[in-house]
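*Asks:*
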Amino acid sequence: MTKVRKHIMLEDTSKNGLSWEWLADYMKENGIRTLGDGLQHLFVEYRQLQRQVADQENLAKAIAKEVKPQLDPIRIRTGYVDKNVRVLTNLLNSYLIISGMEDAIPVTDVMAESITATQKQVADQIHAYQVARKDKLTRSTRGDGDE
């Protein structure tokens, strides 16, 4: 490694706190003797931080790439459910107003047979979807044979 002599000028009192005094404190904390070695140490540390930032950005992109395909169908289905619930709520509201039952107290103990059947059907569909999705994930995930 060859050393090159350079003349470096810094203001003694910098607005951002990075001055010769700061460099001297940094050198004392890290056991560095010369200004050149101190600057070299800072350069190495800067490169390491740059690599860490790049690695973290790549990791974030990889996680997003992995998770996004799993979240998109859920987000879309949630949108469909929200839309359908709003439509049904509006239809029920219209029916209650037309029937003159808007002041009636809701009955929560008794359910119509059609509502019970519909709830069971929806629960079965959700369960079937979850089983199919789990099966698909199991088949598409590479395992080591121990699972």
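First residue of the sequence shown: 14, per the numbering used here; consecutive thereafter. Yeah, the Cβ is synthetic: ideal placement off N, Cα and C, and Gly gets one too. Quantities reported herein were computed from a predicted structural model and do not represent experimental measurements.
Throw me the rounded Cβ distance for the ILE36 and GLY51 pair, which I believe falls under 8 Å.
*Replies:* The residue you asked about is not Ile; residue 36 is Leu in the sequence shown. At roughly 6 Å, the Cβ-Cβ gap stays under 8 Å, so LEU36 and GLY51 are in contact.
*Asks:* Which same chain residues, not among the five before or five after THR154, have their C-beta less than 8 Å away from its C-beta?
*Replies:* Correct list: empty, nothing qualifies.
*Asks:* Just list the alpha helix (DSSP H) runs in the stretch 33 to 109, keeping only unbroken ones of 4 residues or longer that don't cross its boundaries, in chain order.
*Replies:* Counting only runs of 4 or more, we get 33 to 43.
*Asks:* Note down, in chain order, each residue of its chain lying with its Cβ closer than 6 Å to the Cβ of LEU48, except the 5 sequence neighbours on either side.
*Replies:* Correct list: empty, nothing qualifies.
*Asks:* Going straight from the alpha carbon of PHE56 to that of LYS78, what length do you get?
*Replies:* Using only the alpha carbons, I get a separation of about 33 Å.
*Asks:* Excluding the 5 residues flanking HIS54 on each side, which residues of the same chain have their C-beta closer than 7 Å to its C-beta?
*Replies:* Cβ within range, chain order: ASN43 and ILE45.
*Asks:* Whose C-beta lies closer than 6 Å to the C-beta of ALA136 among residues of the same chain, with five residues either side of it excluded?
*Replies:* Nothing meets the Cβ criterion.
*Asks:* Would you kindly work out how many angstroms separate the C-alpha atoms of LYS147 and PRO82, rounded to a whole number?
*Replies:* The straight-line gap from Cα to Cα measures roughly 15 Å.
*Asks:* So, helix, strand or coil for ILE139, using DSSP?
*Replies:* ILE139 falls in the helix class under three-state DSSP.
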